[in-house]
Amino acid sequence: MDDELADADSEAGEADPSAYTTDVRTLDPRVRWLWVGRALVVALILGAIATAGALAALPQWPWIGPAVFVLVATLGVGHALLLYRSWSYEVREDSMLLDRGVITRVRTVVPYVRVQHIDTSRGPIERAVGLSSLVVYTAGSRGADVTIPGLRPREATDLQTRLKALAIESEGEDAV
1 MDDELADADS EAGEADPSAY TTDVRTLDPR VRWLWVGRAL VVALILGAIA TAGALAALPQ
61 WPWIGPAVFV LVATLGVGHA LLLYRSWSYE VREDSMLLDR GVITRVRTVV PYVRVQHIDT
121 SRGPIERAVG LSSLVVYTAG SRGADVTIPG LRPREATDLQ TRLKALAIES EGEDAV
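Heads up, the sequence shown is in full-length UniProt numbering, so the first residue is 1 and it goes up one at a time.
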């Protein structure tokens, strides 16, 4: 299905909003490992700090540092895996819908008429694992942007083109 959409985009030069279905999409599975890696780095740093503090202040309890590492790593890895499972987005006829969150579930609806501009970004770690993020900036002041992490670069570019076309198409409509 994605290949058909990509072929349609490349032949036409721009995304045709009617060529896309409104199915719910999830993130690329590689983003799990990016988030797990970040959780392990945080756990390692906090474990090292706890070890140094325990050895200096509580030498009779040398196990505190490794215990902090195990606790933080377990919580961080669990959170990363649950976060991946909770993330989805849907490109609908009049708006984009994003669902995410582990403890607090957040559902964001972005009407295309409110879209200001759309960026793709790829930090060094994202580039290393072959991922990209899409940032949609909207009219408004508080939380006026939404980010979809963990997309393949081609998928992010195609989605950017598609959302641009949908935003242009909706220009004369009211936001609410």
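Note that beta-carbon positions come from the ideal geometry of N, C-alpha and C, so glycine has one too.
Going by C-alpha positions, S132 is about 30 Å away from G47. Below 8 Å, too few C-beta pairs join the segment 63-81 and the segment 138-154 to call them touching: fewer than three. From the listed residues R92, L134, E90 and E93, the smallest Cα separation to T120 is found for L134. Within the DSSP bridge table, the entry for L151 names S132 as partners. For the 9 Å CB-CB criterion, I125 and L34 form a contact.
Distance check between L166 and each of Q116, I148 and G130 places Q116 closest, using alpha-carbon atoms only.
The closest CA to that of R85, considering only S170, R25 and D158, is found on R25. In this structure, V129 keeps its C-beta atom at 9 Å or more from the C-beta atom of T147.
If you draw a 10 Å sphere on the C-beta of A73, you find 16 or more other C-beta atoms in it, and that means buried.
Going by DSSP, R32 is part of the alpha helix (DSSP H) stretching over R30 to A57. Taken through DSSP and simplified to helix, strand or coil, S86 comes out as helix. I103 carries a coil assignment under DSSP once its states are collapsed to helix, strand and coil.
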